[in-house]
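Quick notes on the structure that follows.
Structure below.
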């Protein structure tokens, strides 16, 4: 007799066929990443708001295993028209938001305190990771793009833009987490999620 070996990584939280839901949400994330759905951050227009993280975060609630696959598909499809370094940063930013949010939402759903905790933890996770990555990667990116003459100039410019990077990631983390939790709540009430 076969043992039940389901883990939290499996598609156990969906009543609709899981792979169809994941494929549809991944496709939606890819469409939302298209240029005409992006809104530039006013103070530093290189940074762009988009809502592609929302369907990805809902996938993370379905299944973390499917979330990782969806992030890879999201990356591979978007890399065809996007900056590869920017796409790696985008995928890592969405992972740092979606994974903590999904873990907390699975534990204590429908409790406002836990929803606020999920929003706070996922946003802080995004801010921390993206601050570190931007300090490490952005100076080299500026040098590769020939926007700085040497590493010192590039690092100084990176330090100057860091408040904007932090504010951008904080605002996008709150937006993505809030909308994703609302979508999860609606899908749960409609009977599509456990």
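Numbering (our numbering), first residue to last: 3 to 196.
Every residue, glycine too, gets a C-beta built ideally from N, C-alpha and C.
Every value quoted in this text rests on a predicted model; they were computed, and no experiment measured them.
If you draw a straight line from the Cα of residue 76 to the Cα of residue 35, it comes to about 9 Å.
Beyond the five residues adjoining it in sequence on each side, residue 159 comes within less than 7 Å, by CB distance, of 144, 150 in the same chain, given in chain order.
For residue 187, the enclosing alpha helix (DSSP H) covers residues 153-191.
Secondary structure remark: continuous beta strand (DSSP E) runs of at least 3 residues inside the segment 89-132: none found. DSSP places residue 36 outside any alpha helix (DSSP H), giving it a letter other than H or E.
Contact check for residue 183 and residue 120: beta-carbon distance about 7 Å, within the 8 Å limit, so the pair qualifies. Restricted to the segment 20-90, the alpha helix (DSSP H) segments that are unbroken, complete and at least 4 residues in length are 20-34, 55-64, 66-80, listed in chain order. Within 10 angstroms of the beta-carbon of residue 173 lie fewer than 16 other beta-carbons, which makes it exposed. With contacts defined as CB atoms closer than 8 Å, residue 186 and residue 60 qualify as a contacting pair. Annotated three-state conformation of residue 144 is helix, per DSSP. In the structure shown, residue 149 adopts coil according to DSSP, grouped into three states.
When rounded, the separation of the alpha-carbon atoms in residue 64 and residue 22 is 12 Å. Comparing C-alpha distances from residue 103 to each of 139, 192, 124, 29 shows the shortest one belongs to 124. A straight line joining the alpha-carbon of residue 66 with that of residue 108 spans about 11 Å. When DSSP reads this structure, residue 135 sits in no beta bridge, so it has no partner. Non-local C-beta neighbours of residue 79 in its own chain, meaning closer than 6 Å and more than five positions away in sequence, comprise 32, ordered along the chain. When rounded, the separation of the alpha-carbon atoms in residue 68 and residue 157 is 37 Å.
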